[in-house]
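In my numbering, the protein residues as written are 4 to 582. A short worksheet on the structure shown next.
In structure tokens form, the structure reads like this:
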């Protein structure tokens, strides 16, 4: 998601007589009057006689990260991202007979990812391949993504940052991919191999034993990395509960069961090798797991930055800035896709880098190394050295390409008060209408009392519609009504017409402040200056440093952002008395 500047809400006010510009009180009465059809036909006294009001609704899109908990189609958290890819247009197959009546038509299906899951570096310790306990939430998201794409085979890609030796980074990135893969299929033998071969240098050893024991509810004490008496006691408790020889030593038999218990803690479901791209046909996982070393950075430093970060005293800053490049990606492919290991171009995780280099762009070394300015893949599309991986993720939201978004729209009544549990009919571009309920509890008297806040009876997270996987730019039509006291979770969609209706235009604009202003309903005039001035009058009391001059001065820009991104507009119970 972006920073809250996603939707342009085109509320239309048609003036028969443009007296409003010369009459501030008139403008104050018009703004945010979202009238029902009945109110309009009845000639509500709130509408000035000189104007015809054709204002359909009001909504806001809050800042990015508002949907941080993740979801089955698109989610974003500190630990990673899940998303569905935009499906390419399906073209017809054109076939014809051969001249001699022999031969055959051949069509080769492209390898197309349909979804992605990214695990950020924060879910591993630095230079470690041990999966930290905090990763549990991301694995839940991955299983939700799996449910929403039944039959889509997986493949796991590990990536390191562009610092150090290619061969070392290929090993580390491959180990991280193996570690995630092992969790998914509960391959404790693979973890045992990592534990014994990579050891403490990659976060395994006693420190990992202590972390796993803590995660499953035992108390080994502080994670010191040493086998102290408290840790030994926790190991003995685990051994006793699991029918093992109670000696306090985490030997291979104890580790096998501890690995399994920890994997069950991390991931709620168990996958099989058959659910991966090569169906586990290769004993070492070719096609199912791979380490991409440092060949595909999503961000590359400028030459000036690279020179600065090469100094030992700047290593900490370099590693922190490079965190975006250290990641594990899982790609889900179209159901039915199978790739024989012999056809897969990526080498096995424990093989060298030679096969990787065969897939480089002709300028691959230039792409992955520093140039005059800092570059990010989402902007320049020229940081990946591997053309094969580049093609797979060139439009992937998990690699930062902002073509698909999760958008939240808040629905209000005509006085800008949120409407929890409002019945809504949502129609996205090119999709069928979908009935949804805004977030929040049904409007029973008990719920209203429980939800009471300072300004209205809606909690801060109430009255939102969440739209997943929105391909930008897009138009979304939203119709909604006030919920009835009798409405419940099973109440069907009401018959049309709805009370309110709004076309939401979602794009990635440059003029963010003006867009936020439109989202807040300041669209009475075709002149930006008039709309800015109206906002300044309305919010001067809340933000005293605003200068009422009709320009986007810094205090006004700050105020617009705060009001918009917190979804906290001025309530319109009464028209403003003066300006």
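C-beta: ideal position from N, C-alpha, C; glycine also. Only a predicted model underlies this, so the values are computations on that prediction, with no experimental measurement involved.
Three-state secondary structure assigned by DSSP to residue 229: Taken through DSSP and simplified to helix, strand or coil, residue 229 comes out as coil.
Rounded Cβ spacing between residue 394 and residue 386 (contact assumed at less than 8 angstroms): At roughly 14 angstroms, the Cβ-Cβ gap does not stay under 8 angstroms, so residue 394 and residue 386 are not in contact.
Bounding residues of the beta strand (DSSP E) (the contiguous stretch that carries residue 280): The continuous stretches of beta strand (DSSP E) do not include residue 280, and DSSP gives it neither H nor E.
Residue 419 versus 119, 471, 525 and 311, residue with shortest Cα-Cα distance: The residue with the shortest Cα to Cα distance from residue 419 is 525.
When 146, 168 and 469 are compared against residue 130, the one with the closest alpha-carbon: Checking every option, the nearest Cα to that of residue 130 belongs to 168.
Contact check, residue 333 vs residue 281, beta carbons under 8 angstroms: In this structure, the beta-carbon distance from residue 333 to residue 281 does not fall below 8 angstroms.
Pair within 8 angstroms by beta-carbon distance, residue 465 and residue 442: Yes; because the gap between Cβ atoms is below 8 angstroms, this pair is in contact.
Span of the alpha helix (DSSP H), counted from its first residue to its last, around residue 172: In the DSSP annotation of this structure, the continuous segment of the alpha helix (DSSP H) that includes residue 172 starts and ends at 169 to 188.
Minimum C-alpha distance to residue 570 - residue among 392, 294 and 411: Check the Cα spacing between residue 570 and each of 392, 294 and 411: the tightest is with 411.
For residue 149, the three-state DSSP class (helix, strand or coil): Reduced to three states, the DSSP call for residue 149 is helix.
Same chain only: Cβ atoms within 7 angstroms of residue 248, ignoring 5 sequence neighbours per side: By the criterion of a C-beta distance shorter than 7 angstroms, residue 248 is surrounded in its chain by 242, once the five residues flanking it on both sides are discounted.
Bridge partners - residue 415, DSSP secondary structure assignment: When DSSP reads this structure, residue 415 sits in a beta bridge with 421.
Spatial distance of residue 218 from residue 239 (CA atoms): Take the alpha-carbon of residue 218 and the one of residue 239: they are about 16 angstroms apart.
Extent of the continuous alpha helix (DSSP H) run through residue 523: Note, residue 523: premise wrong, no alpha helix (DSSP H); not H, not E.
Boundaries of the beta strand (DSSP E) in which residue 557 is found, first to last residue: Where residue 557 is concerned, there is no enclosing beta strand (DSSP E), although the alpha helix (DSSP H) it sits in stretches over 557 to 568.
Residue 217 - containing alpha helix (DSSP H), residue span: Start and end: 209 to 218.
Buried versus exposed, by CB contacts within 10 Å (16 or more), residue 64: Confidence is the limiting factor: at residue 64 the pLDDT is only 31, short of 50, which leaves the residue's position unreliable, though a coordinate-based value still follows. Counting the other Cβ atoms within 10 Å of the Cβ of residue 64 gives 16 or more, which makes it buried.
Touching by the beta-carbon criterion (3+ pairs, under 8 angstroms), the stretch 169 to 177 and the stretch 111 to 127: Cβ pair count under 8 angstroms is below three, so no.
Beta bridge counterpart(s) of residue 158 as assigned by DSSP: DSSP output for residue 158 lists 334 as bridge partner(s).
Limits of the unbroken beta strand (DSSP E) element including residue 482: If you look at residue 482, you'll find it in the beta strand (DSSP E) that goes 477 to 483.
Straight-line Cα distance separating residue 86 from residue 498: If you take the alpha carbons of residue 498 and residue 86, they lie about 33 angstroms apart.
From 317, 425, 154 and 192, residue whose alpha carbon lies closest to that of residue 446: Out of 317, 425, 154 and 192, 425 has the C-alpha closest to the C-alpha of residue 446.
Per-residue DSSP class, three states only, for residue 436: Coil.
Exposure label - residue 433; buried when at least 16 CB within 10 Å: Burial call: exposed.
Inter-residue Cα distance where the pair is residue 267 and residue 189: Here the C-alpha atom of residue 267 lies approximately 8 angstroms from the C-alpha atom of residue 189.
Check whether residue 414 and residue 422 have beta carbons under 8 angstroms apart: Yes; because the gap between Cβ atoms is below 8 angstroms, this pair is in contact.
Delimiting residues of the alpha helix (DSSP H) encompassing residue 396: For residue 396, the uninterrupted alpha helix (DSSP H) segment begins and ends at 390 to 396.
Residue closest to residue 128, alpha-carbon to alpha-carbon, out of 335, 359, 194 and 203: In this structure, 203 is the residue among 335, 359, 194 and 203 with its C-alpha nearest to the C-alpha of residue 128.
Reduced DSSP category for residue 341 - H, G, I as helix; E, B as strand; rest coil: If DSSP states are grouped into helix, strand and coil, residue 341 belongs with coil.
Given residue 195 as reference, the closest of 251, 232 and 256 once Cα atoms are compared: Out of 251, 232 and 256, the CA that lies nearest to the CA of residue 195 is found in 256.
Classification of residue 545 by the beta-carbon crowding that lies within 10 angstroms, buried from 16 upward: With fewer than 16 other Cβ atoms within 10 Å, it is exposed.
Test item: CB-CB of residue 295 and residue 389 under 8 angstroms: Yes, they are a contact pair.
Backbone CA spacing between residue 37 and residue 520 [nearest angstrom]: Any answer about residue 37 is weak, because its pLDDT of 31 lies below 50 and its placement is not dependable; what the coordinates show is given next. Cα to Cα, residue 37 sits roughly 17 angstroms from residue 520.
Inter-residue spacing [alpha-carbon to alpha-carbon] between residue 293 and residue 489: C-alpha separation (whole angstroms): 55 angstroms.
Proximity to residue 286 [Cα-Cα], best of 539, 345 and 160: Taking the Cα of residue 286 as reference, the smallest distance to any Cα among 539, 345 and 160 is reached at 345.
Cβ-based burial, residue 192 [other Cβ within 10 Å; buried from 16]: Exposed is the call here.
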